[in-house]
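In my numbering, the protein residues as written are 10 to 163. Glycine included, each C-beta is placed from N, C-alpha and C at the ideal position. What follows is a single structure, written as structure tokens, with notes after it.
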């Protein structure tokens, strides 16, 4: 028996989906990638905000940027109690989510293509390797240590 054409592709696709993919976020408070997890389910099990108290929310803090443009261009991620986002100035920053205090900042090389990014995503470290942030900016792919903001060589 051979698998050919559309039927074979469909069969292999179904088998691949049944085998599963990468594991989802390890903790409800983590949001390591766009859409929350590898399944892109856009859902968190946190229950501290619901329909009974959402009206009581107010601004907790604000971060200012030096860029002369408005808004964030990519969704931030949450890894190990660090809110990590790309600012309009192209700085990648990690903040304390409770206070907004900047924990570290990384400025990618934007000399070839300024203010151009394809987003950020987090990746949990394995076998003792640190968690990392992947950032595409200015036509380059960066691997950033999520704890320190330093470029990772491998």
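Just grab the DSSP bridge partners of residue 132 for me. Residue 132 is bridged to 141.
Is the closest heavy atom of the ligand GDP to the C-beta of residue 110 under 7 angstroms? Summarising the ligand content, the structure contains no ligands, and the ligand GDP is consequently not present.
Could you please give the first and the last residue of the uninterrupted beta strand (DSSP E) stretch that includes residue 91? Its beta strand (DSSP E) spans residues 91-95.
Roughly how many angstroms separate the alpha carbons of residue 72 and residue 95, rounded to a whole number? Here the alpha carbon of residue 72 sits roughly 12 angstroms from the alpha carbon of residue 95.
Which residues in the same chain as residue 134 place their Cβ atom closer than 7 angstroms to its Cβ, once the five residues preceding and following it in sequence are excluded? Scanning its chain for C-beta atoms nearer than 7 angstroms, with the 5 sequence neighbours on each side dropped, one finds around residue 134 the residues 140, 141, in chain order.
Can you look up residue 31 in the DSSP assignment and give me helix, strand or coil? Unreliable positioning characterises residue 31 in this predicted model, as indicated by a pLDDT of 41, which lies under 50. The coordinate reading is nonetheless provided below. It is coil, neither helix nor strand.
Top-ranked residue by Cα proximity to residue 98, from 92, 116, 89: Nearest of 92, 116, 89 to residue 98, Cα basis: 116.
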